[in-house]
Every structure is written in C-alpha cells, then in structure tokens.
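2 protein chains.
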Amino acid sequence: MADTLTTAALTLKDIAREAGVSLATVDRVLHNRPGVRPDTVRRVREAIERNSFQPHVAAAELARGRARRFAFVMPSGPNPFMQQIEAYLGEMSGWLSARRLNVEMVATDVFDASVLAASLEALSGDYDGVAVVALDHPTVRAAINDLVDAGTRVVTLVSDVPSSRRHHYVGIDNIAAGRTAGALVGRLVGGRSGKVAVVAGSQGLRDHAERIFGFNQVMASEFPDLSVLPVLEGRDEDERSEQLLARLLGRHADIVGLYNVGAGTQGVAQALNNKALSEAGRDKVVFVGHDVTALTRRLLLQGVMDAAISQNPGHEARAAVRVLLALARGEPILREQEKIRIDIVMRDNLP
Amino acid sequence: MADTLTTAALTLKDIAREAGVSLATVDRVLHNRPGVRPDTVRRVREAIERNSFQPHVAAAELARGRARRFAFVMPSGPNPFMQQIEAYLGEMSGWLSARRLNVEMVATDVFDASVLAASLEALSGDYDGVAVVALDHPTVRAAINDLVDAGTRVVTLVSDVPSSRRHHYVGIDNIAAGRTAGALVGRLVGGRSGKVAVVAGSQGLRDHAERIFGFNQVMASEFPDLSVLPVLEGRDEDERSEQLLARLLGRHADIVGLYNVGAGTQGVAQALNNKALSEAGRDKVVFVGHDVTALTRRLLLQGVMDAAISQNPGHEARAAVRVLLALARGEPILREQEKIRIDIVMRDNLP
DNA sequence: CTCAAAATGAGTTGCGTACCTCAAAACGCC
DNA sequence: GGCGTTTTGAGGTACGCAACTCATTTTGAG
Numbered sequence: 013m014a015d016t017l018t019t020a021a022l023t024l025k026d027i028a029r030e031a032g033v034s035l036a037t038v039d040r041v042l043h044n045r046p047g048v049r050p051d052t053v054r055r056v057r058e059a060i061e062r063n064s065f066q067p068h069v070a071a072a073e074l075a076r077g078r079a080r081r082f083a084f085v086m087p088s089g090p091n092p093f094m095q096q097i098e099a100y101l102g103e104m105s106g107w108l109s110a111r112r113l114n115v116e117m118v119a120t121d122v123f124d125a126s127v128l129a130a131s132l133e134a135l136s137g138d139y140d141g142v143a144v145v146a147l148d149h150p151t152v153r154a155a156i157n158d159l160v161d162a163g164t165r166v167v168t169l170v171s172d173v174p175s176s177r178r179h180h181y182v183g184i185d186n187i188a189a190g191r192t193a194g195a196l197v198g199r200l201v202g203g204r205s206g207k208v209a210v211v212a213g214s215q216g217l218r219d220h221a222e223r224i225f226g227f228n229q230v231m232a233s234e235f236p237d238l239s240v241l242p243v244l245e246g247r248d249e250d251e252r253s254e255q256l257l258a259r260l261l262g263r264h265a266d267i268v269g270l271y272n273v274g275a276g277t278q279g280v281a282q283a284l285n286n287k288a289l290s291e292a293g294r295d296k297v298v299f300v301g302h303d304v305t306a307l308t309r310r311l312l313l314q315g316v317m318d319a320a321i322s323q324n325p326g327h328e329a330r331a332a333v334r335v336l337l338a339l340a341r342g343e344p345i346l347r348e349q350e351k352i353r354i355d356i357v358m359r360d361n362l363p
Numbered sequence: 013m014a015d016t017l018t019t020a021a022l023t024l025k026d027i028a029r030e031a032g033v034s035l036a037t038v039d040r041v042l043h044n045r046p047g048v049r050p051d052t053v054r055r056v057r058e059a060i061e062r063n064s065f066q067p068h069v070a071a072a073e074l075a076r077g078r079a080r081r082f083a084f085v086m087p088s089g090p091n092p093f094m095q096q097i098e099a100y101l102g103e104m105s106g107w108l109s110a111r112r113l114n115v116e117m118v119a120t121d122v123f124d125a126s127v128l129a130a131s132l133e134a135l136s137g138d139y140d141g142v143a144v145v146a147l148d149h150p151t152v153r154a155a156i157n158d159l160v161d162a163g164t165r166v167v168t169l170v171s172d173v174p175s176s177r178r179h180h181y182v183g184i185d186n187i188a189a190g191r192t193a194g195a196l197v198g199r200l201v202g203g204r205s206g207k208v209a210v211v212a213g214s215q216g217l218r219d220h221a222e223r224i225f226g227f228n229q230v231m232a233s234e235f236p237d238l239s240v241l242p243v244l245e246g247r248d249e250d251e252r253s254e255q256l257l258a259r260l261l262g263r264h265a266d267i268v269g270l271y272n273v274g275a276g277t278q279g280v281a282q283a284l285n286n287k288a289l290s291e292a293g294r295d296k297v298v299f300v301g302h303d304v305t306a307l308t309r310r311l312l313l314q315g316v317m318d319a320a321i322s323q324n325p326g327h328e329a330r331a332a333v334r335v336l337l338a339l340a341r342g343e344p345i346l347r348e349q350e351k352i353r354i355d356i357v358m359r360d361n362l363p
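So the protein lines, in turn, are chains A and B. Position one of the first sequence corresponds to residue 13 (the numbering used here), numbered consecutively onward. Position one of the second sequence corresponds to residue 13 (the numbering used here), numbered consecutively onward.
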C-alpha cells in the first residue's frame, strides 16, 4: 500500500567502509582531487553507484562556507519582459539569502557583440555562475567559452547561442513558438481567406527570425487560403510599427490576420484600432502576439488581441537560478522542470 | 552597474548580540518555545526583522537530523494522469534523497469519502506532510482538519477541499479551465452555427462540475450561435462514453463542437471517427479535451483533437513536494512558482 | 634492493543551527 | 525580605561534509 520513493540515508563514512578505503580517499574521488590510483577511484565510484549514494545537500552546502555568486547579464534598455525577469528575481530574495546565494544584475548592451563580450569577460573568475541574454555572434560565443573554461557555469537565457559550450539554455523553442502562432492565426481566422500581416523587430534577431520561419511553415502547409505579406520591420518601436502597419492595412483591404513577432505592441494595436478602418466596416483582424504584459493583458481582455504566445518570465528567472545552482553543486538538472513551455494565453486563461 | 539582490549573511549569534540576549533565548523565540517574557520576544523579533535575518536553510536542515516524511494519497485505479504524477515523483528521487526526504505513495479509493477519510486518519502523527487528491465531502474535510490539528502539513492536489483548513491547494482553477475550453471550441468552430456536445465523467465530481459551469458561461455569453446539448455522463469509461456520444451524434446532424471534460477520451475519439459519420460528408467536429497523455498527444497530431487543456502533472508533483517542504521548514511559499497554470496545448506547442 | 614519489590513512577544524542541560539571575507574591 | 517561580545565560553535542595537514604505507623505477 505504501510505496517509498527514497532510499536509506547513507553517509560518506558508509561509502568509505564499503569501498574499503578511508574517508579522505572518498573525499578525493568525490571532488576529483589528484593522488588516487585509477583502480581505487573505480572501487569508490562503484560503491557510490551501488548504494546510489547522494551527498547530503545541506551538509555539503554548510561545509563549503563561502556563498555562491551568480550574475545575470541583461539588456540595459527599458524592456518590459526583462523587467519582469528582474522583478521575479527580486521576489526570490528571501529564498536566495536563505541559501546564501548572491545574485547580481549586470546591465549591458546585449545587441552590440563586442560590448556584450567585454561585459562577460569582465565577470571571469569572480562568479560561480552567469546567466546571459545572449546575442548569437562569434565574439560572444568566444566570451562564453572563455567563461566556461575558467570554471564558471553559464546558462543562456531567452536567447541562445547553440554553438557555444554554455551548459544550458533556459528559454523556448522559437520555431515552435512561431508555428504555434501560425496555427492560432489560421484557426482563429475561421475559414475566411485573405492576407496575413507580420510585424517583427528585426529579422536579424535570431529569435524573431526563427519565429517567422515557424510561422510561415505552418501558414504555407496548413492554410493555403491565407497568404502571408512581407514582414514589416518595426524595430520593436511603437511609432514605427504603427506607421508601417497602418500603411499596409490601407493598401490591403483583405487583411484578416496579424502576427506581431516582437515588441512594439502598443503601436500595432493603435494601427488596428484606427477609426478609418472600423468605419470602413471591415471584419476584425485576428491578432496574435507575444508575452503577457500589462498592455497585452488589457488588449486580450478588450478583445483587440486574440491570443498571446508567452514564455513565463517568472519560470525563466527561477529556472536559470536553479540550473546554475544545480550545476555548481554538481547535482543533476531536472530537465522536465526547467524546460520552458510555450504558453498559449487567451482571455480566459490569463494567469 | 551591478545590482545585488541579497543581503549580508548574518547568523543567530549576530541576532543575539543585536537583541542583547543569549543564543539560547533567540533559539527559544525562533521555535516558539516557552519561557521567554513577551517583552524579550518582541526585542528578538525586532532584531530579526531589522536585519531581515534568514536562518541558513542548510544548517537548519543538517541540525535537525531526522528525515522528513511526506505521503501522497492518490486514487488506486489506473488513471493515466495520476500515473504521470507518480512517474514524475519517481524522477525526483535523487533530488529527494539528497535532501533526506521520504515520499511514500498511498493508494486508496478517493471516490469513497469514508475510505479516503480512514486512509487520512491512519497517517496521523507519522508524517510531516500529506498531499491528497481529495473528494470534497464533510467526512474528508474533517479528516483533513484532524491532520492539520495534529501538526501535519496538508496540501490538496488536483482536486480541492476549499472548506477545509488545508494549507495549500496545488491545482488549477477548474472554472477558468472550463471557460478556456469554451472559448477554444467557440473560436475554433469558426463562425459556423450548430450544436455543441459535452461529455463528462460525472457532474457530481467537483472539478467536472466546475469545468462545465465555466464552459456554459462562455458559450452562453459569447457564442449565441452555438447551443450546448445536455451533458453526457460517461463515468470516465471509454465504452460508455462512446455509446452515449455515438447516439447523440446520430440524433443531431448539426453538432459542430465537442468538449470532453474528463477521461474516457479513447471512447470519445472512436465515436467521432465512426465511419458512418465521415461517409455522411459531415464537417469535422471541433474537439477539445483535457490533459496531455500518450493518447491525446496522438489525437492532436492526427488532427482528431484540436486542443487539450492541460495541467502540467510534473509541475503539480514538484509543486506539492516543494510546498510541503516549505511549510515544514517554515519558509515562505513562492506563490507564483507553485501556481498551476492552465495550459492550452495544440499540435504545435505539444510539450 | 633502495629510495623517492605516489597513494592512502588518520585526524582535525569549522560551517550554522537544533536541542538539551544546568546554573544563575530576575521576578512577583505574601 | 524571603520564597518559589519564571526567565535568562552559558555551554555542550551533534548533524554530514569540505578542506586541510601530516604521517605512514605502497609502488615502481633504477
């Protein structure tokens, strides 16, 4: 009836006895310290395996004494999504200090490869772990690899550098996110045929490019009645996005759907709400965008926006910390837990 | 540039000095032990506040010695959703044993109030925390309250007993889940008018009843062109669900949408796939159901199912453990982290 | 076989807290 | 003021591990 999921609590002493060596030797093996014969190492490792021994986290943490230092390297501009991540880190402060973890925010221009790389290099040696919103660029990749070589744990956050040797990526699969947006626009348009507009920050940004790729994939294969118009590059700025989109809406009377890939949501919404349009008796344009912010929340409730694709910023913040901590402790990572999901948020499941 | 989120590491000794008392007195205050004058208690509490002191989790954990025992009281039947929860708990076994946490599974008939209550009462005193998939019934409520009074931490899992004094509920808002299902069916039907079928396990189950309530709310207010047919009670059984639904589909040629509230998904899908129907040249029925399992995953990929409302079972399992642990340690709960979201899962964002 | 180098054993200290004991001091009551 | 009671102080031990020292044993090269 009662089925236990955990094993008895062994200690290092038990392992030492099992392996027929002293505590000191087990300690050497456990921490990869030199001066142990390969054969002895094997014996100790086997004893650890055989008993599926887990060092007591609390004891290990207590014994090492020094606190751990983590750095979060984030964009300096006023980006609501990044501000949310910071806010959620702030909410964890009690959790962090109870574990003697120091988390520092480092603001930098993440869009300038050399500036970002310099910021990363500056952290070398001082930190146990670094989370970075990374630009995918050779210079940045090199800086990340340098950090890793220096023994610092590195996770990329939101935006990945797959070619680097970062230990982990905390963020969503942006191609799948684009596909999801495509499926939503297609389905919510509801059988009408017509054109679909796409507004992005820049196609040079890896995440935006990937989202557009996924979006087009789905539109082409599953919704032949909808044709996707060339991407508007709004640079994530409200004014520019509004102007570009307004012009496009004026030119094409049969736009039935809209995918806003990045920020600039305010401008996009404004262009859609334009009086001239509604007076022309047009159908509502299906509007799918990204992220749940105060603005998109309002737009969803008002019905201006139909769905938001979201990556939970709180989850990302906590996952980054947990992954860095697990890496530093040498604990396994709970992949399922740290995986960031693509959330579809509509009015009725607003978090 | 670098902004730290945590404070200096104080110890109990520092607090004792600050408050002008001895370590022993601080300890007494911290653990609500008797024998301290109210005035002294206040002085100590103030010193703790003033320095926002946090006991070192690792040290506390190490010092208390004994392992903690948690029990998960779950339905005994072969329910895939519950099996997933168990599986995810199994995946945590390393994490658990590194923290000297013992988690035991207790299978019982959660649909029989007196049996469930007896199972709960039997746990009294032996466990630090209990997570229970609870039936909302006065007898169960009393059993939960008894556990709480005995000092055991109790969280309800998946299904809540709001009137009890359980410390926390780990699960979704089922009314909102039903609303979300309604919005999805309504939107995905795409402007067609017709009838909508609803299949539930039983309207006597609190979560099913709440989902249906939310579903009807949205259908009535937002989709006047769709009329909801009386609920079919399939008792979460495949065969029964299939028969009931097949009969309904035969009677109403204009069914355009279907909401499956609980399990029995296999049967529902079979009824929809019936040859007789497809040969009649009917439109596809929009099918929205719950939970991502091997089956619903396949149905989504095949296009039989259009969307699944999901509560992440892995998240629920981990959240339950974390909440119990935080409660036992007297740590604050990260509400944002432990909140279970209503996930909308379509083919392209299948996890 | 010899001897230096490598491997190992034995032991210590300290991390911050929980939990306990015992003695001393402060207190309130008559 | 004396008494018993309550409150407080002082101190110790234990938890499991990291990190270190130093002595001792084993090993392999010459």
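We put the CB at the ideal spot given by N, CA and C, even for glycine.
Close beta carbons around residue i, own chain, < 7 Å, minus the five adjacent residues each side
| i | result |
| --- | --- |
| Val41 (chain B) | Val48, Val53, Val56 and Arg57 |
| Ser205 (chain A) | Asp237 and Leu238 |
| Val243 (chain B) | Val210, Ala212, Gln215 and Ile224 |
| Gly383 (chain A) | Here chain A comprises residues numbered 13 to 363, so residue 383 (chain A) is not present and cannot be evaluated. |
Coarse secondary structure for residue i, derived from DSSP in three states
| i | result |
| --- | --- |
| Tyr100 (chain B) | helix |
| His327 (chain B) | helix |
| Thr168 (chain A) | strand |
| Thr120 (chain A) | strand |
| Arg80 (chain B) | strand |
| Met13 (chain A) | Bear in mind that a pLDDT of 49 at Met13 (chain A), under 50, signals an unreliable position, so the number given afterwards is only what the model happens to contain. Met13 (chain A) falls in the coil class under three-state DSSP. |
| Ile321 (chain A) | strand |
| Ile224 (chain A) | helix |
| Ile187 (chain B) | helix |
| Gly262 (chain A) | helix |
| Val201 (chain B) | helix |
| Pro150 (chain B) | helix |
| Ser176 (chain B) | coil |
| Glu343 (chain A) | coil |
| Pro92 (chain B) | helix |
Closest Cα partner of residue i within the set the options
| i | options | result |
| --- | --- | --- |
| Arg366 (chain A) | A:Gln96, A:Gln66 and A:Ala221 | No answer is possible for residue 366 (chain A): it lies beyond the span of chain A, which begins at 13 and ends at 363. |
| His180 (chain A) | A:Ile156, A:Ser214 and A:Val201 | A:Ile156 |
| Met317 (chain B) | B:Ala110, B:Leu196, B:Gln349 and B:Asp51 | B:Leu196 |
| Gly102 (chain B) | B:Phe84, B:Leu312 and B:Gly89 | B:Phe84 |
| Val273 (chain B) | B:Thr151, B:Leu135 and B:Asp219 | B:Asp219 |
| Ala329 (chain B) | B:Gln349, B:Phe225 and B:Phe65 | B:Gln349 |
| Val211 (chain A) | A:Asn361, A:Thr37, A:Glu251 and A:Ser322 | A:Glu251 |
| Ser88 (chain B) | B:Gly106, B:His68 and B:Leu128 | B:Leu128 |
| Tyr139 (chain A) | A:Met94, A:Ala75, A:Thr37 and A:Leu337 | A:Leu337 |
| Ile97 (chain A) | A:Pro363, A:Gly326, A:Pro344 and A:Asn361 | A:Gly326 |
| Ile256 (chain A) | A:Phe235, A:Leu312, A:Val280 and A:Thr168 | It is worth fixing the name first, because residue 256 (chain A) is Leu in this sequence and not Ile. Out of A:Phe235, A:Leu312, A:Val280 and A:Thr168, A:Val280 has the C-alpha closest to the C-alpha of Leu256 (chain A). |
Residue i: contacting residues in chain B (beta-carbon distance under 7 Å)
| i | result |
| --- | --- |
| Gly202 (chain A) | Gly202 and Gly203 |
| Pro363 (chain A) | Arg353 |
Interface residues of chain B facing residue i [CB-CB closer than 9 Å]
| i | result |
| --- | --- |
| Gly269 (chain A) | Within 9 Å Cβ-Cβ: nothing; Gly269 (chain A) doesn't reach chain B, min ~13 Å. |
| Met358 (chain A) | Thr192, Ala195, Leu196, Arg199 and Ile356 |
Residues near residue i by beta carbon distance below 6 Å, same chain, minus five either side
| i | result |
| --- | --- |
| Leu241 (chain A) | Lys207 and Ala209 |
| Asp148 (chain A) | Val173 and Arg218 |
| Arg177 (chain B) | Asn157 and Val160 |
Beta-carbon neighbours of residue i, restricted to chain A and to distances below 8 Å
| i | result |
| --- | --- |
| Gln66 (chain B) | Gly106, Ser109 and Ala110 |
| Leu74 (chain B) | His68, Ala70, Ala71 and Leu74 |
Same chain, Cβ closer than 8 Å to residue i, five either side skipped, listed in chain order
| i | result |
| --- | --- |
| Ala72 (chain A) | Arg341 |
| Pro67 (chain B) | Leu24 and Leu42 |
Residues that residue i contacts on chain B, provided the C-beta gap is smaller than 8 Å
| i | result |
| --- | --- |
| Leu346 (chain A) | Glu103, Met104, Trp107 and Arg330 |
| Arg49 (chain A) | Neighbours of Arg49 (chain A) on chain B: none; closest Cβ ~28 Å, over 8 Å. |
Cross-chain neighbours of residue i in chain A, by beta carbon under 9 Å
| i | result |
| --- | --- |
| Glu343 (chain B) | Gly106, Trp107 and Ala110 |
Contact set between residue i and chain A, taken where Cβ atoms lie within less than 7 Å
| i | result |
| --- | --- |
| Ala306 (chain B) | Here the premise fails: no neighbours, minimum Cβ distance about 16 Å. |
Under 7 Å (Cβ pairs) to chain B, residues found in the segment 311-331 of chain A: Gly326 and Arg330
Residues, ordered as in the chain, of the segment 77-106 of chain B that lie near chain A by beta-carbon distance below 8 Å: Ala79, Ala83, Tyr100, Leu101, Gly102, Glu103, Met104, Ser105 and Gly106
Closer than 9 Å between beta carbons: that is the criterion. Which residues of the segment 208-240 of chain A meet it against chain B? Gly226 and Val230
Give me the subset of the segment 153-174 of chain A whose CB atoms are less than 7 Å from a CB atom of chain B, sorted by chain position. none
Below 7 Å between beta carbons is the criterion; list the residues of the segment 178-191 of chain A that meet it against any residue of chain B, in chain order. Flagged, chain order: Ala188 and Arg191.
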